[in-house]
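Going down the list, the sequences are from chains A and B.
Every number in our numbering is 455 more than the matching position in the first sequence, counting from 1.
Every number in our numbering is 12 more than the matching position in the second sequence, counting from 1.
Using N, Cα and C, we set each Cβ at its ideal position, and we do this for glycine too.
Since this is a predicted model, take the numbers as computed values, not measurements.
What follows is a single structure, written as structure tokens, with notes after it.
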Amino acid sequence: MENILCEYPYQNNEHIALVSLNRPKVLNALSTDLMEELADCFLSLDKNPKVRVIILTGNERAFAAGADIAQMVTASPIDQINDNRFRTWEMLKLITKPIIAAVNGFALGGGCELAMSCDLIIAGDEAKFSQPEIKIGTIPGAGGTQRLTRAIGKSKAMMMVLTGDMIDAQTAYDWGLVAKVVPSKVLLQESFLLAKTISERAPVAVKLAKEAVNKSFEMTLKDGMDFERRNFYLTFSSQDQKEGMKAFLEKRDPSYQGN
Amino acid sequence: MANYKYIKYSEEHQSALIIINRPEVYNAMNIDTKLEIVSAIREANKSPTVFSIILSAEGKAFTTGQDLNDRSVQAKNGDVDLGHTLETEWNPLINAIRDSKKIVIAAVNGVCAGAGVSVAVACDLIVSKPNVKFVGAFSKLGLAPDAGSTYIFSRALGYQKTMEFFLMGEHLLSEDLHRAGIINAISDDVMEKALQYAGAINKLSPLSSEMIKKNIKASLDSSFSESMERETKVQRFLGRSSDYKEGLSAFLEKRAPQFTGQ
């Protein structure tokens, strides 16, 4: 892997993987190669039984400043179809473990869309978000008109998508795009603490809960409620549920095995 | 080091000195003066041997704010967009000072007017010569105060006093602002006083001074519980730093700490 790093940086905690986008010279522009590496990496982390939560981050200056424009400037529609760059984006949806986007610096265009493709976003207070595609004669292509609209509502999404202007972390928080804003220096620390809390919850239930929340974007309320109920029933086939409820009654901390 | 035309930039005793250098126009700021200060603040923030920044000026004035001879602010030729002047010149300057990770000390050597007042009060610490006039000149021109001055003054002086200051356009003296808590110290030799503050700051852990500034600045916009939450996160972070270990051992060993910013 040349364009991303995958580490387990937290001593005594192998449940949390930290994936860093690593093309600092181009503000982590999301080339097709990078996205392929990212999809491969996530798929292998999803299979790794030790890993329970994934943190995706960039660096201090940028989470990711969008697609690789240099790669696209002269592309024809057919080039784009043949490149099929979004196939790797589709694979992100298949990951069953929670992914936290830890955003410092710029999350622009594809970078904002990548953050929104994760399950939740924590932002450093100097982070900036935008969908600037309109400024270079195109529009978002990986969810910027869809996920953003669902996250912050039509009027605000329209403003962002039609002007291409940036919003700061506090605004992103006020609008519901990000779950938390923390001082940029403590971003990884806070992302880790959140990941740790989630990793201490029943892994089977975490996956089923993630799946049910994501389904709420795809289904009617009735279908979503039915889906949720089936996943709820399904948790009762897990050892984790037995252990969780037993530990609660015995007033001790549960010890989950993820089965 | 970059070449500057309207300011002087130097680094000494681990501090960056940014001196506005247009005494012939009482240090009024045209677009380039403002952008040069922004660049100089960035340069100081990048310099590994600088731990604080002093902003002062040549001559009798600190700064008299907007250079009204700058063509962009004159209404003669039809449309003038002062909002644009703020968005592209003044606000970036004020934000550069407020977002500077390194502490910015204003050494106010003389009169401060208009948006020049905003520049002074955007700084983290302010020392001033005695009897310096601070004038919010906006109302006399048919304008309203800008560049963040409504925010700082209303918090420090209260609503009615701030209204009086900006409506009447009469000056306040550095002594008045010292009493109100906006100015930290009055001294005949502002540079020496500023260097004294800087000397103390330069011995601190850079992580600590950066986070102190960030937290206090954020507290002005936050609830009590938000401030506590922020403090907790930051303290958890600082508690893991090498500088804290060093600070603690130095304290126990009764010696001066040697911080590294790690």
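Comparing the C-beta of residue 644/A with each C-beta of chain B, is any distance below 7 Å?
-> yes
Endpoints, the beta strand (DSSP E) within which residue 119/B is located = 115-120
Keeping to the same chain, check which residues put their C-beta closer than 7 Å to that of residue 178/B; ignore five residues upstream and five downstream.
-> 148, 150, 151, 157
Would you kindly work out how many angstroms separate the C-alpha atoms of residue 218/B and residue 61/B, rounded to a whole number?
-> 11 Å
Residue 210/B and residue 117/B look like a contact to me (Cβ under 8 Å); what is the Cβ gap, rounded to whole Å?
-> 6 Å
Bridge partners of residue 147/B, per DSSP?
-> 125/B
If we ignore side chains and look at the alpha-carbon of each, how far apart do residue 645/A and residue 245/B end up?
-> 7 Å
Distance, Cα to Cα, residue 514/A vs residue 477/A?
-> 8 Å
Give me the Cβ distance between residue 288/B and residue 186/B, rounded to the nearest whole Å; I'm assuming they're in contact under 8 Å.
-> Only positions 13 to 274 of chain B appear in the structure, and residue 288/B is not among them; the question remains open.
Alpha carbon to alpha carbon, how far is residue 175/B from residue 163/B?
-> 12 Å
Anything in the stretch 628-653 of chain A with a Cβ closer than 8 Å to a Cβ of chain B? List those residues in chain order, please.
-> 637, 638, 640, 641, 644, 645
How about residue 492/A and residue 456/A: are their beta carbons less than 7 Å apart?
-> yes
So, are the CB atoms of residue 128/B and residue 144/B less than 7 Å apart?
-> no
Could you tell me whether any Cβ in chain A is nearer than 7 Å to the Cβ of residue 63/B?
-> no
Checking contacts by CB at 7 Å: is residue 257/B closer than that to chain A?
-> no
Cβ pair count under 8 Å reaching 3, the stretch 647-667 of chain A against the stretch 697-714 of chain A = yes
Is residue 38/B buried or exposed, if buried means 16 or more other CB atoms sit within 10 Å of its CB?
-> buried
Return the residues of the stretch 134-165 of chain B that lie within a Cβ-Cβ distance of less than 9 Å from chain A, sorted by chain order.
-> none
Taking just the CA atoms, how far does residue 113/B sit from residue 225/B?
-> 8 Å
With 7 Å as the threshold, decide whether the Cβ of residue 116/B is near any Cβ in chain A.
-> no
How many Å lie between residue 206/B and residue 46/B at the Cα?
-> 22 Å
For the beta strand (DSSP E) holding residue 635/A, just list the boundary residues, first then last.
-> 635-637
Residue 686/A versus residue 228/B: straight-line alpha-carbon distance, rounded = 46 Å
Using a beta-carbon distance below 7 Å, is residue 226/B in contact with chain A?
-> yes
Proximal chain A residues relative to residue 248/B, where beta-carbon distance stays under 8 Å = 641, 644
Inspect the beta-carbon positions of residue 636/A and residue 556/A and report whether they are closer than 7 Å.
-> no
Take every Cβ of the stretch 673-683 of chain A, pair it with every Cβ of the stretch 485-499 of chain A, and state whether three or more of those distances are shorter than 8 Å.
-> no
For residue 140/B, the residue or residues it bridges with in DSSP | 120/B, 198/B
Hey, is residue 332/B's beta-carbon within less than 7 Å of any beta-carbon in chain A?
-> Chain B is shown only over 13 to 274; residue 332/B falls outside these bounds and no answer can be derived.
When the distance is taken between beta carbons, is residue 576/A closer than 7 Å to residue 619/A?
-> no
Indicate whether residue 523/A and residue 475/A have their beta-carbon atoms separated by less than 7 Å.
-> no
Mind checking whether residue 567/A and residue 586/A have CB atoms under 7 Å apart?
-> yes
Got a sec? Which residues, its chain only, sit under 7 Å from residue 250/B by beta carbon, not counting five neighbours each side?
-> 219, 220, 223, 256
Determine the extent of the beta strand (DSSP E) in which residue 528/A is found, giving its start and end residues.
-> Residue 528/A -> no beta strand (DSSP E), and no H or E assigned at all.
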